[in-house]
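Inspection log for the structure reproduced underneath, given as structure tokens.
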Amino acid sequence: MGSVVEIFCGILSGSHWGPHIRKWMSATTDADLGQAFLAIDPESFAPGFKNRLQEFMNTLRGLPTTDPSLKVLMPGDKERMHDKLVKDLGGIPYHPNQIKNADELAQTYNVKKVHVIKEY
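For reference, each letter of the sequence shown is one residue, going 1 to 120 in the UniProt record's numbering.
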């Protein structure tokens with residue numbers, strides 16, 4: 001996979017690759033880092049991609065974890081859980097320190113404080 005990234009982002013794009021990339025702390029030369037974007041229609045390869053991908057994700061989610069209180073999550077799982085929490089609560093939950101900080105900023109800039117719907 002690393003070679004594919006080097007080929008697509010460096011060699012194919014005409015940018016630096018591998019040993020030709022400057023050290024990250026160096027500013028004596030341009031970085032000249034390439035990027036590549038790839039669009040694939042999964043249905044062009046084999047039928048049933050969505051179902052097969054769902055089965056793959058379900059398999060990963062079902063794997064045992066070292067901490068039994070935790071679950072294997074897939075990209076987007078945390079966001080969907082938080083979205084459900086926001087909908088269930090009727091608003092975005094903020095830590096009390098965030099509200100305090102916002103109130104201090106409101107006072108500093110003489111603007112209206114954040115309206116708290118519900119305290120937890």
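Glycine residues also receive a C-beta, built at the ideal position from the N, C-alpha and C atoms.
None of the values given here were measured: they were computed from a predicted structure.
Which of helix, strand or coil DSSP assigns to residue i
i             : result
leucine 73    : coil
histidine 115 : coil
aspartate 103 : helix
isoleucine 7  : helix
asparagine 51 : helix
leucine 60    : helix
methionine 81 : helix
proline 42    : helix
threonine 29  : coil
glycine 91    : coil
asparagine 97 : helix
proline 68    : coil
glycine 14    : coil
glycine 2     : helix
(message) Under 8 Å, with one C-beta from each stretch per pair, do the region 4 to 11 and the region 29 to 45 reach the 3-pair mark?
(response) yes
(message) Within 8 Å, do at least three Cβ pairs link the region 72 to 83 to the region 52 to 62?
(response) yes
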